[in-house]
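In terms of my numbering, the sequence shown opens at residue 220 and continues consecutively. Ideal placement from N, C-alpha and C gives every residue a C-beta, glycine not left out. Inspection log for the structure reproduced underneath, given as structure tokens.
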Amino acid sequence: MSATATRVLVLNSGSSSVKYQLLDMGAEPDSGSAAGTRLAVGLVERIGEESSRLVHTPLAAGGEKRETEGAIADHDAALKAVAAELAADGLGLDSPELAAIGHRVVHGGLKFTAPTVIDDAVLAEIERLVPVAPLHNPANITGIRTARALRPDLPQVAVFDTAFHTTMPEHAARYAIDVATADAHRIRRYGFHGTSHAYVSRKTAELLGKDPSEVNVIVLHLGNGASASAVAGGRCVDTSMGLTPLEGLVMGTRSGDIDPAVTFHLKRVAGMSTDEIDALLNKKSGLVGLCGDNDMREIRRRIDEGDERARLAFDIYIHRLKKYIGAYSAVLGKVDAVAFTAGVGENAAPVREAAVAGLEEMGLAVDATLNAARSGEPRLISPDYARVAVAVVPTDEELEIAQQTYALVNA
Ligand code: AMP
């Protein structure tokens, strides 16, 4: 790597989309710390359709957002289009300033406990994990292959959503099913959103003025996908997602926890196929299944208009959230902070208020004024007297991926 190479391109490849950010990780002149300045951000969506769309914003030059519509056939074409946009801003992928490409990879199984430089063997292992992440890993693999073809000489790093959770003890990670069957099929609780849980738990400790090793934090990542984690002294000891992202909290379109016998019932009694049940639980359940909307803004608007279905969906969402706060308080023994993050956690004050309402005996409370204030910065929303800090900590998975990637290629 060249001494001047300080840029990292972060790629998050989904089945029909690619999100990207180009960051400069060079040391800030004053602080000497990694800067993580965003030079460009964008996304390509509806890949493979006639109406694909590329939205690119060159932040470095204070440039205007550029949007292009038109068929983008596959990930290869998508990445080439992204490369052309970056090149138009003088930020091309052929620049000697590019140090590495960091890829978000959803499932790293048990093997990948840390960010990893990708070679053929690593790629083969990520492929071996496709059966446990059929919705995510294939898209991540396509993104990696395409990026490697474009810049074969450049270090490419995989940052795994599961890695932060590999510290979970066996008693939290194992399902109570026959051990031989579980092991033969690698069935266990892996957890996801790990990059976010790692970043937010660390930032929460920073907000409290402590080292991560000194604090116990419950992180509530509430986006369209949602998960909770219990983090003791900087290490994850439990998380709500399992073999797949379906387990745990009520999400935008996923059911979260459910009696597995519901699936047998749907098969035997309702005559549904495995794929239909999969789609029902992953795409037509959660908030959207309960009330037809998965956007919390819309649900709150409907509640304000007296809509009963929206109210019930909200109440079910909050009930599950409370159960996890209670469970993880017990798992941790002592809780220093509860941190809300992601789209709902960062923006929906009524969710934060309702989630901790009635938990005063557990040391939890929110201050109405602090909770209602809007800010993009990490902040405390609990009153001074509360034993447990309640925080809103905006997540930044791309920055975390860029930092981990940059640290690895500079190690
Ligand atoms: P994420 O997956 O983290 O991007 O979160 C997306 C979700 O955040 C959306 O589906 C909304 O439910 C929620 N969300 C985003 N902005 C707001 C807001 N201002 N108020 C309430 N919920 C929001």
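Which of helix, strand or coil DSSP assigns to N566 = Counting from 1 along the sequence shown, the entry for residue 566 is found at position 347. Three-state DSSP puts N566 in a helix.
Starting from R226, follow its DSSP beta bridges and name the residues at the other end.
-> Locating residue 226 in the sequence shown gives position 7, where the first residue counts as 1. Note: R226 sits in a beta bridge opposite D243 and L317.
Measure from the alpha carbon of N359 to the alpha carbon of each residue in D372, I345 and I396, then state which is nearest.
-> Counting from one through the sequence shown, the residue named residue 359 turns up at place 140. Of D372, I345 and I396, the residue nearest in Cα terms is I345.
Own chain partners of A424 with C-beta closer than 6 Å, once the 5 adjacent residues on each side are dropped = Position 205 of the sequence shown, counting from 1, holds the residue named residue 424. Once the five neighbours on either side are set aside, the close Cβ partners of A424 are P431 and V434.
How about H355 and C455: do their beta carbons lie closer than 8 Å?
-> Against the sequence shown, residue 355 aligns to sequence position 136. Against the sequence shown, residue 455 aligns to sequence position 236. No, the pair does not count as a contact, with Cβ atoms beyond the cut-off.
Identify whether L262 lies in helix, strand or coil by the three-state DSSP scheme.
-> Here residue 262 refers to the residue found at position 43 of the sequence shown. Three-state DSSP puts L262 in a strand.
State the beta-bridge partners of T287 as determined by DSSP.
-> Counted from its first residue, the sequence shown places residue 287 at position 68. Answer is L273, bridged to T287.
Grab the span of the alpha helix (DSSP H) containing I477 for me, first residue to last.
-> As a first step, residue 477 is located in the sequence shown; it is residue number 258 there, counting from the start. Looking at the DSSP string, I477 is not in any alpha helix (DSSP H), and its letter there is neither H nor E.
Thinking A391 and A333 are a contact (beta carbons under 8 Å), I'd like their distance in whole angstroms, please.
-> In the sequence shown, counting from the first residue as 1, residue 391 sits at position 172. In the sequence shown, counting from the first residue as 1, residue 333 sits at position 114. Actually they do not touch by this definition, with Cβ atoms about 20 Å apart.
Sort V227, D457 and S235 by Cα distance to E268 and report the nearest one.
-> Counting from 1 along the sequence shown, the entry for residue 268 is found at position 49. It is S235.
Backbone CA spacing between G251 and N501 [nearest angstrom] = Your numbering for residue 251 matches position 32 in the sequence shown. Your numbering for residue 501 matches position 282 in the sequence shown. For G251, the predicted model reports a pLDDT of 44, less than 50, meaning its position is unreliable; a value from the coordinates is still stated below. Answer to the nearest angstrom: the Cα atoms are 45 Å apart.
Reference Y409, options T386, A259 and S415, closest by Cα = Translated into the one-based positions of the sequence shown, residue 409 becomes position 190. Of T386, A259 and S415, the residue nearest in Cα terms is T386.
Which whole runs of the alpha helix (DSSP H) in the segment 396-458 are 4 residues long or more, in chain order?
-> 398-403 and 413-426
Taking DSSP as the reference, what is the three-state secondary structure of T335?
-> For the purposes of this step, residue 335 is taken as residue 116 along the sequence shown, with counting starting at 1. Correct three-state label for T335: strand.
Any heavy atom of the ligand AMP closer than 7 Å to the CB of D523?
-> Your numbering for residue 523 matches position 304 in the sequence shown. Because no heavy atom of the ligand AMP lies under 7 Å away, the Cβ of D523 does not count as near it: no.
Using the C-alpha atoms, what's the distance from A489 back to L599?
-> Sequence index remark: in the sequence shown, residue 599 carries index 380 (1-based). Sequence index remark: in the sequence shown, residue 489 carries index 270 (1-based). Roughly 48 Å between the two C-alpha positions.
Test item: CB-CB of S446 and G467 under 8 Å = Counting from 1 along the sequence shown, the entry for residue 446 is found at position 227. Counting from 1 along the sequence shown, the entry for residue 467 is found at position 248. For S446 and G467, yes; Cβs fall inside 8 Å.
Assign V609 to one of two classes, buried (16 or more other C-beta atoms within 10 Å of its C-beta) or exposed (fewer than that).
-> The residue given as residue 609 occupies position 390 in the sequence shown. Flag for V609 reads buried.
In DSSP terms, what T624 is bridged to | Position 405 of the sequence shown, counting from 1, holds the residue named residue 624. None, per the DSSP bridge assignment.
Would the C-beta of M470 count as close to the ligand AMP, meaning under 7 Å from any of its heavy atoms?
-> Walking along the sequence shown from the start, residue 470 turns up at place 251. Checking every heavy atom of the ligand AMP against the Cβ of M470, none is found closer than 7 Å.
R516 CB to nearest heavy atom of the ligand AMP below 7 Å | Numbered from 1 along the sequence shown, position 297 holds the residue referred to as residue 516. Under cutoff, so the answer is yes.
Within this structure, are the beta carbons of S415 and T614 separated by less than 8 Å?
-> Counted from its first residue, the sequence shown places residue 415 at position 196. Counted from its first residue, the sequence shown places residue 614 at position 395. Yes, Cβ-Cβ distance for S415 and T614 is below 8 Å.
Residues bridged to A558 (per DSSP) | Taking the first residue of the sequence shown as position 1, residue 558 is located at position 339. Answer is V438 and A610.
Using 10 angstroms around the beta-carbon of A584, count the other beta-carbons present and answer buried if the total reaches 16, otherwise exposed.
-> Reading the sequence shown from its first residue, position 365 is the one you call residue 584. Buried, by the Cβ-count rule.
Would you grab the beta carbon distance between V550 and A449 for me? Rounded to a whole angstrom, and I think it's under 8 Å.
-> Counting from one through the sequence shown, the residue named residue 550 turns up at place 331. Counting from one through the sequence shown, the residue named residue 449 turns up at place 230. That pair is a contact at about 5 Å.
Should the segment 587-596 be called in touch with the segment 559-574, which here means at least 3 C-beta pairs below 8 Å?
-> yes
With 16 other Cβ atoms within 10 Å as the buried cut-off, status of D457 = As a position in the sequence shown, residue 457 is number 238, starting the count at 1. By the 10 Å Cβ count, D457 comes out buried.
Residue nearest to A279 in terms of C-alpha spacing, selected from L310, H294 and L298 = Locating residue 279 in the sequence shown gives position 60, where the first residue counts as 1. When only C-alpha atoms are compared, the closest one is L310.
Leaving out five residues on either side along the sequence, give the residues of the same chain with a beta carbon under 6 Å from the beta carbon of P374.
-> For this step, residue 374 is matched to residue 155 along the sequence shown. Cβ neighbours of P374 beyond the five flanking positions: A319, V336 and V628.
Rounded straight-line distance, which links the Cα of A558 to that of A417 = Position 198 of the sequence shown holds residue 417. Position 339 of the sequence shown holds residue 558. So the two alpha carbons sit approximately 12 Å from each other.
Can you name, in chain order, every residue of its own chain whose Cβ lies under 6 Å from the Cβ of H275, other than the five neighbours on each side?
-> Taking the first residue of the sequence shown as position 1, residue 275 is located at position 56. Closer than 6 Å at the Cβ level, and outside the excluded window around H275, lie G261, R285 and E304.
Over the uninterrupted alpha helix (DSSP H) stretch that includes F643, give me the two end residues.
-> Examination of residue 643 is not possible in this model, given that the chain is present from 220 through 630 alone.
Min CB distance A592 to chain C below 8 Å | Checking the listed chains, one finds no chain C in this structure; it contains a single protein chain.
Any idea what DSSP makes of V325, helix, strand or coil?
-> Your numbering for residue 325 matches position 106 in the sequence shown. The answer is coil: DSSP assigns V325 none of H, G, I, E or B.
When we look at the beta-carbon of P248 and count the other beta-carbons within 10 Å, is it buried (16 or more) or exposed?
-> Residue numbering aside, residue 248 sits at position 29 when the sequence shown is read from its first letter. With a pLDDT of 48 at P248, under the threshold of 50, the predicted position of this residue should be treated as unreliable, though the coordinate-derived value follows. Its Cβ having fewer than 16 others within 10 Å, P248 is exposed.
Round the Cβ separation of L465 and R473 to the nearest angstrom and send it over; I've been treating them as touching at under 8 Å.
-> On the sequence shown, position 246 is the one that residue 465 refers to. On the sequence shown, position 254 is the one that residue 473 refers to. That pair is a contact at about 5 Å.
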